[in-house]
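Those letters in the sequence shown? Residues 301 to 741, by my numbering. Built from N, CA and C at the ideal position, the CB exists for glycine as well. Fair warning: this is a prediction, and the values are worked out from it, not measured in the lab.
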Amino acid sequence: MRKHNQKSWGKTHSSTSLCYTSQEFNEKLRSKTKSGLPIGLGRSYGDSSINSQGIYFEVESSKKIEINEEEMYATCSAEVSIGELERAAIKRGFFPPAVPGTEFVSIGGAIASNIHGKSHHISGSFGASVIELELITSSNETLKLTPNSVNSKYFWATIGGMGLTGIITQAKIKLNKIESSYVVVEEKRAKNLEQLLDLVKDFDKKYLYTVAWIDLSGSYSGRGIVSGGNHAKISDLSLKLRKDPLLIKNPGKLMIPDLFPTWFINSFTVNIFNYCWFKKPLQNGQQHIRKFLHPLDSARKWNNIYGKSGLIQFQFQIPFGEEKFLRKVLNMLQENKVASFLGVLKSFGHGDQSFLGFPQPGWTLAVDFPAKRTDLLPKIKTLMQEIAKINGRVYLTKDSILEVKEFNEMYKKNMEWKRIKSEIDPFKYWRSDQGARLGLC
Ligand SMILES: Cc1cc2nc3c(=O)[nH]c(=O)nc-3n(C[C@H](O)[C@H](O)[C@H](O)COP(=O)(O)OP(=O)(O)OC[C@H]3O[C@@H](n4cnc5c(N)ncnc54)[C@H](O)[C@@H]3O)c2cc1C
Numbered sequence: 301m302r303k304h305n306q307k308s309w310g311k312t313h314s315s316t317s318l319c320y321t322s323q324e325f326n327e328k329l330r331s332k333t334k335s336g337l338p339i340g341l342g343r344s345y346g347d348s349s350i351n352s353q354g355i356y357f358e359v360e361s362s363k364k365i366e367i368n369e370e371e372m373y374a375t376c377s378a379e380v381s382i383g384e385l386e387r388a389a390i391k392r393g394f395f396p397p398a399v400p401g402t403e404f405v406s407i408g409g410a411i412a413s414n415i416h417g418k419s420h421h422i423s424g425s426f427g428a429s430v431i432e433l434e435l436i437t438s439s440n441e442t443l444k445l446t447p448n449s450v451n452s453k454y455f456w457a458t459i460g461g462m463g464l465t466g467i468i469t470q471a472k473i474k475l476n477k478i479e480s481s482y483v484v485v486e487e488k489r490a491k492n493l494e495q496l497l498d499l500v501k502d503f504d505k506k507y508l509y510t511v512a513w514i515d516l517s518g519s520y521s522g523r524g525i526v527s528g529g530n531h532a533k534i535s536d537l538s539l540k541l542r543k544d545p546l547l548i549k550n551p552g553k554l555m556i557p558d559l560f561p562t563w564f565i566n567s568f569t570v571n572i573f574n575y576c577w578f579k580k581p582l583q584n585g586q587q588h589i590r591k592f593l594h595p596l597d598s599a600r601k602w603n604n605i606y607g608k609s610g611l612i613q614f615q616f617q618i619p620f621g622e623e624k625f626l627r628k629v630l631n632m633l634q635e636n637k638v639a640s641f642l643g644v645l646k647s648f649g650h651g652d653q654s655f656l657g658f659p660q661p662g663w664t665l666a667v668d669f670p671a672k673r674t675d676l677l678p679k680i681k682t683l684m685q686e687i688a689k690i691n692g693r694v695y696l697t698k699d700s701i702l703e704v705k706e707f708n709e710m711y712k713k714n715m716e717w718k719r720i721k722s723e724i725d726p727f728k729y730w731r732s733d734q735g736a737r738l739g740l741c
């Protein structure tokens, strides 16, 4: 047990409490404490990993990663990071089907948020690659849950369940075979939103990985750059790269210090950055998979550039056919002079059986803005009401402002989830500030 200050990635929420390891959890500790919340690497932006009225649990660090080459899966302890899994898998010629934009996410956090990656249109969310998971419940039972068995409802309630069903301690993750640790990349510029969406659709047909950077500044035309990529085969590689086709690259050590003033990110600086980024030379050809999938990891703690007051990320999803809503968001940002340098647009493929999972077929857009822009909150809330009306959703792992009414409209299976939670957590022990705000615990 240790004293721990848990902080969200957006730096907008924090709480100091005791943090125990998963092995220390027992019924005595449960009955002595008000509530508990499992935590991973703190990459969720809002209040989903904050429990201001209880204690925390982290998975005992064993860094277990065992790869079954024949059956193509890895067994990992839940504190292992996505990057650690990737590197262990690459060594043996494998790669996980779905990984997020940063490698500093734990397996437990990836399952609890049912994260998606650039491959969602083909591979689905992280939950689709989980073969089995182990969960410590509030009754201190360790359950082995699988997607298609008698206990599958607990499995699907835990996938995307935001840590509110118990502590995930281990999981078996499917792996895909790869020939190299490189990706053959194509990038194209789009002049406006309509072109950008068309290019993404086009790239989705050709590439396993697709993502678009959208310029949320200047004239807010929706211009941007679309990147697509497929795993490179040995025959795609230059002679030099063929010498070590499964080369492993470790994350960079550059650390952004916590010295930036809160005004550093403003429409002037973002306009300049976005102008230069839009004009940057396009990356076409072979690229190491780490650089392609986790570009932001070249600078650790980049959230510090927003200064002490931090940032908010608003990520939502809307169904195909509702593209005009994206224009509405661009207009709102323009009218309020919100320039964002990390606008990310992607299309989603099929959803899954999870009760609180975020992705469903359509578009997703993520917008970052300084948290000190509190004047924007009512406008974002209005957009959230519209998102709910058009059957869209706000991503829980990025959220700190969604209200119960809209949440209920967006996540229609939440009542079923709550029934399952009451079965698997009869002591109502697992709690987060977000869960309390949205009536989930
Ligand atoms: C730079 C950056 C890029 C990102 N890119 C993407 C992306 O491309 N796609 C995407 O989907 N997400 C993305 N995210 C969000 C991130 O993947 C999720 O927030 C993820 O859940 C964080 O995992 P974590 O280990 O940091 O967990 P934490 O932030 O510590 O916790 C997140 C949630 O998981 C629960 N949890 C954590 N560990 C466990 C466990 N062992 N058992 C049960 N519950 C647990 C917590 O209770 C909490 O509800 C990004 C985040 C950042 C900072």
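Cβ neighbour criterion (16 or more within 10 Å) applied to residue i
i    : result
E386 : buried
R343 : buried
N326 : exposed
L516 : buried
P338 : buried
Q617 : buried
H594 : buried
N714 : buried
F455 : buried
R627 : exposed
M462 : buried
V629 : buried
I534 : exposed
F564 : exposed
M555 : exposed
P581 : exposed
P721 : The sequence given here has Lys at residue 721, not Pro. Counting Cβ neighbours within 10 Å, K721 comes out buried, since at least 16 surround it.
F655 : buried
Heavy atom of ligand 1 within 6 Å of residue i beta-carbon
i    : result
P595 : no
W309 : yes
A412 : yes
A374 : no
H304 : no
H416 : yes
R731 : no
L337 : yes
P400 : yes
V405 : yes
E459 : It should be pointed out that residue 459 corresponds to Ile in this sequence rather than to Glu. Not so, every heavy atom of ligand 1 lies at least 6 Å from the Cβ.
S344 : yes
V526 : no
Cβ shell of residue i (< 6 Å), same chain only, five flanking positions each side left out
i    : result
Q615 : A666, Y695, K698
Q587 : V483, V485
S609 : T562, A671, K672
P619 : G662, N691
G739 : V704
C741 : L464, R731, G735
I687 : F616
Minimum C-alpha distance to residue i - residue among the options
i    : options                : result
E360 : Y345, G408, G346       : G408
L497 : L677, G621, H594, K689 : G621
K477 : L554, A412, P396       : P396
L541 : S362, R731, G585, N451 : G585
E370 : K474, K601, S700       : K474
S439 : L433, T465, N448       : T465
G748 : D668, P659, N708, P545 : Lying before the first or after the last residue shown, residue 748 is absent from the chain, which here runs from 301 to 741.
As assigned by DSSP and simplified to three states, the class of residue i
i    : result
V704 : helix
N440 : coil
Y695 : coil
N492 : coil
S425 : coil
W309 : coil
A671 : coil
I690 : coil
Y520 : coil
S381 : strand
F404 : coil
N368 : strand
I720 : helix
Same chain only: Cβ atoms within 8 Å of residue i, ignoring 5 sequence neighbours per side
i    : result
K591 : K549, S598
N657 : Checking the sequence shown, residue 657 turns out to be Gly, not Asn. Excluding residues within five positions, the ones whose Cβ falls inside 8 Å are N414, S425, G427, I459, G460, G651.
D536 : S480, Y482, V484, Q586
K679 : M632, N636
C319 : M301, R302, K303, H304, Q306, I339, I355, Y356, F357, E358
K491 : S521, R523
L341 : S381, F404, V405, S406, G409
Close-in-space but distant-in-sequence residues of the same chain around residue i (CB under 7 Å, 5 per side omitted)
i    : result
D504 : H421, T510, S647
P551 : G383, E403, D597
F641 : V570, F573, N574
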